[in-house]
Amino acid sequence: MSFRYPSSSPLHPEALKKKQRSIRDAFPVPLTLRVHRALSWLRRAEAENEDEDVRFILLWIGFNAAYAGDVGLALGGESQRERDAFGRFFSTLVSFDGKHRIYDMVWQRFSQEIRLLLANRYVFAPFWHHHNRIAGFEDWGEMLERERVATANALRRHDTATLLSILFGRLYVLRNQLVHGGATWNSEVNRTQVRDCGALLGSLLPLFIDLMMDNADHEWPMPHYPVVDSPA
69 MSFRYPSSSP
79 LHPEALKKKQ
89 RSIRDAFPVP
99 LTLRVHRALS
109 WLRRAEAENE
119 DEDVRFILLW
129 IGFNAAYAGD
139 VGLALGGESQ
149 RERDAFGRFF
159 STLVSFDGKH
169 RIYDMVWQRF
179 SQEIRLLLAN
189 RYVFAPFWHH
199 HNRIAGFEDW
209 GEMLERERVA
219 TANALRRHDT
229 ATLLSILFGR
239 LYVLRNQLVH
249 GGATWNSEVN
259 RTQVRDCGAL
269 LGSLLPLFID
279 LMMDNADHEW
289 PMPHYPVVDS
299 PA
């Protein structure tokens with residue numbers, strides 16, 4: 069599965085860049101940094117037509133630029149505060165999505181791919197914790213089942229924010245496998261995951277950026293790495 073917005077779409081990276089240039093003077097500094105950085109990586113990902121591994125990594129960096137928090141802390145369980153912030157980021161975006169574009173993307177356009185991804189143990193962090201003999205994850209299979217139930221409950225409640233939090237946890241595992249050398253470049257073993265995750269991220273990140281730009285008056289927190297002037 070592959071997915072790219074056509075050049076005529078308002079969600080095409082170049083259309084988003086044009087929109088950003090036309091309204092950025094009204095952006096507060098935190099949003100300026102988030103959108104500018106996220107778009108730079110999104111546009112580079114759009115130009116990547118041959119390497120699916122590289123495209124996924126570029127898209128993940130773009131997402132991290134938009135989120136601008138510590139995803140590792142949020143998903144690793146070390147920080148409840150960061151985990152709450154991660155959840156609020158998705159809840160905020162969904163609350164701004166009056167046209168239900170995120171909902172349509174995750175529950176309709178990619179519903180089958182997401183179900184398969186969420187059932188895949190190879191992008192489920194507790195499976196790898198157990199495989200690497202980290203104590204406390206012997207019941208990873210039960211954890212996977214509980215997450216499946218949570219996903220089903222989210223579907224029943226139309227709780228898109230919860231689904232996004234679970235989904236991006238899986239994308240983060242794939243990101244770690246690639247960035248930390250836990251996978252072979254262009255490997256057939258993980259082609260389906262890389263291809264599907266790249267398509268999902270490539271469809272959702274433009275939506276996230278567009279919603280952020282449309283809601284410049286929201287109090288977006290300052291990124292962890294703001295521009296800091298060098299001392300004189």
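The sequence shown: position 87 = 155 (our numbering), numbered continuously. Positions of the beta carbon are idealized from the N, C-alpha and C atoms, including for glycine. Please read all numbers here as calculations on a predicted model, not as lab measurements.
ask   = How about Gln261 and Leu242: are their beta carbons less than 8 Å apart?
value = yes
What are the start and end residues of each continuous alpha helix (DSSP H) run of 4 or more residues lying completely inside the stretch 175 to 249, in chain order?
179 to 186, 193 to 199, 208 to 225, 228 to 247
Quick one: complete alpha helix (DSSP H) runs, 4+ long, within the stretch 80 to 155? 81 to 91, 97 to 114, 120 to 135, 139 to 144
Under 8 Å, with one C-beta from each stretch per pair, do the stretch 170 to 182 and the stretch 190 to 203 reach the 3-pair mark?
no
How many Å lie between Pro98 and Trp196 at the Cα? 35 Å
What is the DSSP secondary structure of Tyr293, reduced to helix, strand or coil?
-> coil
* Under the three-state reduction of DSSP, which class applies to Gly166: helix, strand or coil? -> coil
Starting from the C-beta of His198, find all residues in its chain whose C-beta is less than 7 Å away, skip the five residues before and the five after it, and write them out in chain order.
Phe205, Glu206, Trp208
**Prompt:** Any chance the stretch 119 to 126 sits against the stretch 242 to 254, with 3 or more Cβ pairs inside 8 Å?
**Reply:** yes
**Request:** Can you grab the Cα-Cα spacing for the pair Arg183 / Leu223, in whole Å?
**Result:** 11 Å
Arg72 by DSSP, collapsed to three states: which one? coil
- prompt: Comparing alpha-carbon positions, which option in Ser159, Ser163, Asn132 lies nearest Tyr240?
  reply: Asn132
- What separation, rounded to the nearest whole angstrom, lies between the Cα atoms of Leu101 and Pro291? 8 Å
How many Å lie between Leu79 and Ile202 at the Cα? 42 Å
**Report entry** Cβ distance (whole Å) where Ile277 is taken to contact Ala153 below 8 Å
**Finding:** Contact flag wrong, Cβ pair sits at about 18 Å.
Cβ shell of Ser76 (< 7 Å), same chain only, five flanking positions each side left out: none
Considering only their Cβ atoms, is the gap separating Ser108 from Arg263 smaller than 8 Å? no
Problem - Distance, Arg216 Cα to Leu273 Cα - result: 24 Å
Margin query: If I measure Cβ to Cβ from Leu126 and keep anything under 7 Å in the same chain, skipping five residues before and after, which residues do I get?
Written below: Trp109, Arg112, Ala113, Glu116
- Going straight from the alpha carbon of Ser271 to that of Pro96, what length do you get? 26 Å
Should Ser163 go down as buried or exposed, given a rule of 16 or more other Cβ atoms within 10 Å for buried?
exposed
Using a Cβ-Cβ cutoff of less than 7 Å, which residues in the same chain neighbour Ile91 once the five nearest sequence positions on both sides are dropped?
Met281
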